[in-house]
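**Q**
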Amino acid sequence: MADEYKPPALPSPFTNTTPAPTLLVQGAEAHLYKTVSLDPSIPAALKVRPSKPYRHPILDRRLTRQRIIQEARCLVKLVREGVSVPAVLAMDWEGQGGESAWGGAWLMMEWIEGPVVRVVLEQWEAWMKKNAASLDQSQIQKEEDRLRGLMKRIGHTLGGLHKAGVVHGDLTTSNLMLRSPAQETTDSPTGVSMEGEVVLIDFGLAGQSTQDEDRAVDLYVLERAIGSTHPRSEPFFEEVLNGYRASHKGTGSTLKKLEDVRLRGRKRSMIG
Amino acid sequence: MALKLETVNIPHLPGSLPVHVALYRNVQNSAFLRQQLLAGNAEFEYALIDASLVLSRAHALAAIFRAMNDYMNNRLRSHNVHSEIVFSFNPTNNIAESFRKLGIADSTKDLLIVKVSVTPEITHDSVAAHLESSVEGTSVPFDDLTLSEISDISKIKKLYKLGALPSPAAKPDASQPDDAKRRLELSMLGAIALRGS
């Protein structure tokens, strides 16, 4: 029998942290913890990229270092530009104790309180399915308008991202959050709130680019993600593009490129 | 005049390394303090920072944390953890420049003083006693309200090359969150974290 899974030890200095950071998500490349910031009353997210023992140590350090710095640079740039993403509070790309004791790199970020858009859409779709029969036309219209509004806000945020010269690289509805408003607003008829600022998270695959190609692929990946995970919401993706179009000048060429990308898929080259 | 020396246990740092922070206004003997620092007088080994370049508590703690983490991993770029704290406020890699811009000058009136308990002999009381006898100035609380009266936003924006950002309100209103200040602060924290990348 295999032993119970133990996540890798936390890097320094988080072995000192009390209470210990709690593991939230584990991906192939990184672990995400919830902990406190440098002010114990304010929470923070801690993303750790542990060292990978199967890689050559020099290569491992270089890759981990490169990727975490890339992610942090994108986030810092976006905070400066006023795009809503989690801010970088502290980081370490060197690991501890010199050459021999490399333990991985970490990134401490602002904690975003609120649901991910994937859950909001799932709940909304489930509610609509359950209640579709009992709703009249105007109620359905009202619900769909709420969703259109959310889609438009997502498009607007993506426009801000691209305008700042960054592409996300992995846009799914799990990487979009709604930051809960400070005070509760009026309850929506469905009980599925769509309130809150759209916040982009997980810049692990992000990069700096202003090319229409890269921007269009971002939009295409999100379109496909919504189409495959939220079929009832798919008809409203058009509103993402409307919000995007209105966000800044020069989106026309990106949206034109999107048509090409739709015909051929995410990969430009036929190789690999 | 009571000394307001705050001893902070920054989360994630070992409890054995508390940090003592004091904020002074109207300092009269900056030239003397600077002289002690230049002479390498170990008793005066402090991080002495021009407080007009400190935006907020979070800003100061981010720079202290950066220096402390580098200290614990034996990666100091300067002489000791205290000079490293001054250096950590600087967004670029130039150590001499960071001392010139952020460190104490003969004319400094508002001063942020930081001391780390790097040995067990350094305690809240020992630091308090030494500061009381060596700094001529008015001790004020190390909090955001006091810092907002001291900080020079245009100098801070210039230092961090954030001139394009909107400026925080001149008179802070505690009931309203200041988005401009938050954005400036978070941009500065990012710059401190990314230094040397």
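Quick mapping for you: the protein sequence lines, in order, are chains D and E. Its first residue numbered 1, the first sequence is counted upward by one per residue in full-length UniProt numbering. Its first residue numbered 1, the second sequence is counted upward by one per residue in full-length UniProt numbering. For each residue, glycine too, the CB sits at the ideal point set by N, CA and C.
1) Would DSSP call E6 of chain E helix, strand or coil?
2) What span of residues does the beta strand (DSSP E) with P50 of chain D cover, start to end?
3) Nearest to A170 of chain E by CA position, among E:L145, E:G15, E:G40, is which residue?
4) How is D136 of chain D classed by DSSP in three states: helix, strand or coil?
5) Taking Cβ to Cβ, would you say W93 of chain D is nearer than 8 angstroms to I68 of chain D?
6) Helix, strand or coil: which one does DSSP assign to V21 of chain E?
7) Once DSSP output is grouped into helix, strand and coil, what is the label at M108 of chain D?
8) So W93 of chain D contacts chain E; which residues on that side make the cut at Cβ distance below 8 angstroms?
9) Alpha carbon to alpha carbon, how far is M188 of chain E from R182 of chain E?
10) Of all Cβ atoms in chain E, is any one closer than 8 angstroms to the Cβ of V88 of chain D?
11) Based on Cα-Cα distance, which residue from E:V21, E:K161, E:F44, E:V19 lies nearest to A31 of chain E?
12) Answer with yes or no whether the minimum CB distance from G163 of chain E to chain D is below 8 angstroms.
13) Quick one: using the 10 Å Cβ neighbour count with 16 as the cut-off for buried, is A206 of chain D buried or exposed?
14) Taking only the alpha-carbon atoms, compute the straight-line gap between D214 of chain D and H230 of chain D and give it to the nearest angstrom.
15) Could you work out which residues of chain E lie near G82 of chain D, taking near to mean beta carbons separated by less than 7 angstroms?
16) Do L23 of chain E and V140 of chain E have their C-beta atoms closer together than 8 angstroms?
17) Nearest-angstrom Cα distance between P115 of chain D and G149 of chain D?
18) Taking Y71 of chain E and V86 of chain E to be in contact with their CB atoms under 8 angstroms, please state how far apart those CB atoms are, rounded to whole angstroms.
19) Taking a Cβ distance cut-off of 8 angstroms, strictly less, list which residues of the stretch 66-81 of chain D are near chain E, in chain order.
20) Could you give the distance in angstroms between the alpha-carbon of residue 219 of chain E and the alpha-carbon of I49 of chain E?
21) Checking contacts by CB at 8 angstroms: is E195 of chain D closer than that to chain E?
22) Is it true that the CB of V27 of chain E sits closer than 8 angstroms to the CB of E136 of chain E?
23) Considering only the alpha carbon of each residue, which of D:R268, D:S12, D:D218, D:E197 lies closest to G103 of chain D?
24) Could one say the Cβ of F65 of chain E lies closer than 8 angstroms to chain D's Cβ atoms, at least one of them?
25) Is the number of C-beta pairs between the stretch 161-180 of chain E and the stretch 62-77 of chain E that are closer than 8 angstroms three or more?
26) So with Cβ pairs under 8 angstroms, would you call I104 of chain E a contact of chain D?
27) Assign G98 of chain D to buried or exposed, taking buried as 16 or more other Cβ atoms, counted over all protein chains shown, within 10 Å of its Cβ.
28) Using a threshold of 8 angstroms, state whether the C-beta atoms of R34 of chain E and D106 of chain E are closer than that.
29) Using DSSP's beta-bridge definition, name the partner residues of residue 279 of chain D.
30) Determine the burial state of V36 of chain D: buried for a count of at least 16 other Cβ atoms within 10 Å of its Cβ, exposed for fewer.
31) List the residues of chain D whose Cβ lies closer than 8 angstroms to the Cβ of G190 of chain E, in chain order.
32) When DSSP labels each residue in this structure, what does T138 of chain E get in the three-state scheme?
33) Hey, L131 of chain E and L17 of chain E: beta-carbon distance below 8 angstroms or not?
**A** Here's the rundown:
1) strand
2) 43-50
3) E:L145
4) Here D136 of chain D sits in coil by DSSP.
5) I68 of chain D sits close to W93 of chain D, with the two beta carbons spaced by under 8 angstroms.
6) strand
7) strand
8) S197
9) Taking the straight line from one Cα to the other gives about 10 angstroms.
10) yes
11) E:F44
12) No, G163 of chain E does not count as interfacial toward chain D.
13) A206 of chain D comes out buried.
14) 24 angstroms
15) R183
16) yes
17) 17 angstroms
18) Incorrect: roughly 13 angstroms between the Cβ atoms, too far for contact.
19) I69, A72, R73, L75, V76, V79, R80
20) Coverage of chain E is limited to positions 1 through 197, which leaves residue 219 of chain E absent and any answer about it impossible.
21) no
22) Yes, these two residues count as a Cβ contact at 8 angstroms.
23) D:S12
24) yes
25) No: the two stretches stay apart, fewer than three of their Cβ pairs being nearer than 8 angstroms.
26) no
27) With a pLDDT of 49 at G98 of chain D, under the threshold of 50, the modelled position of this residue cannot be trusted; read the value that follows with caution. With fewer than 16 Cβ atoms within 10 Å of its Cβ, G98 of chain D is classed as exposed.
28) yes
29) Nothing in the structure corresponds to residue 279 of chain D, since chain D is present only between 1 and 272.
30) Taking a 10 Å sphere around the C-beta of V36 of chain D, we find 16 or more other C-beta atoms and assign the residue as buried.
31) A72, L75, V76, V79, R80, A87, V88
32) Look at T138 of chain E here: in three-state DSSP terms it is strand.
33) no
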